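Working notes, beginning with the structure itself.
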Amino acid sequence: MASTDWRGAWSAALDELELDVLTVETLLADERRLLETPPANLWRPPTDLGALPLELRPRADEILTRQLAAAEEIARRITANRQQAAMTARIETGEAVKRPVYLDCAM
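So the sequence shown is numbered by the numbering used here: it starts at 268 and just counts up by one.
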């Protein structure tokens, strides 16, 4: 594989990966669109590229940083959603407010 082809293949792979993380960031910014959008196809790393060209390392690092931030935000939202669902379940069942079922007037 020629040096130009190698860099171009890596650049195309990073373009695809960056587009995926941009899609997730956009969905996180717009919850309505998140609900209406079908799940994306999983990105699979190319197997025939060899080592990442040194000049593409900063871009790859920046994409990784964005991916980690998006994953952290997704995890935070999942946790918040579970907490809200648990609170809603307690409210609906009456667990959130403990009230006496009867009053003993004999005392």
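Where is the CB? At the ideal position from N, CA and C, for every residue including glycine. As the structure is a computational prediction, the values presented were derived from the model and not from experiment.
Q: Specify whether the region 306 to 323 and the region 338 to 358 touch according to this definition: at least 3 beta carbon pairs, one from each stretch, less than 8 Å apart.
A: Counting Cβ pairs under 8 Å, fewer than three are found: no touch.
Q) residue 272: which of 356, 354, 344, 316 sits nearest, CA to CA? A) Taking the first residue of the sequence shown as 1, we reach residue 272 at position 5. The residue with the shortest Cα to Cα distance from residue 272 is 316.
Q.
So within the region 270 to 302, which uninterrupted alpha helix (DSSP H) runs reach at least 4 residues, ignoring any that extend past its ends?
A. 270 to 296
Q: Quick one: grab the DSSP three-state call for residue 327.
A: On the sequence shown, residue 327 is found 60 positions in, with the first residue counted as 1. Residue 327 falls in the helix class under three-state DSSP.
Q. Using the rule of at least 16 other Cβ atoms within 10 Å of the residue's Cβ for burial, across every protein chain shown, is residue 345 buried or exposed?
A. Here residue 345 is taken as the residue at index 78 of the sequence shown, counted from 1. Burial call: exposed.
Q: My understanding is that residue 291 touches residue 356, with C-beta atoms under 8 Å, so please give their C-beta distance in whole angstroms.
A: Taking the sequence shown and counting its residues from 1, the one referred to as residue 291 is at position 24. Taking the sequence shown and counting its residues from 1, the one referred to as residue 356 is at position 89. At roughly 29 Å, the Cβ-Cβ gap does not stay under 8 Å, so residue 291 and residue 356 are not in contact.
Q. Taking the Cβ atom as the reference point for each residue, do residue 319 and residue 277 lie within a distance shorter than 9 Å?
A. Locating residue 319 in the sequence shown gives position 52, where the first residue counts as 1. Locating residue 277 in the sequence shown gives position 10, where the first residue counts as 1. Yes. Within cutoff.
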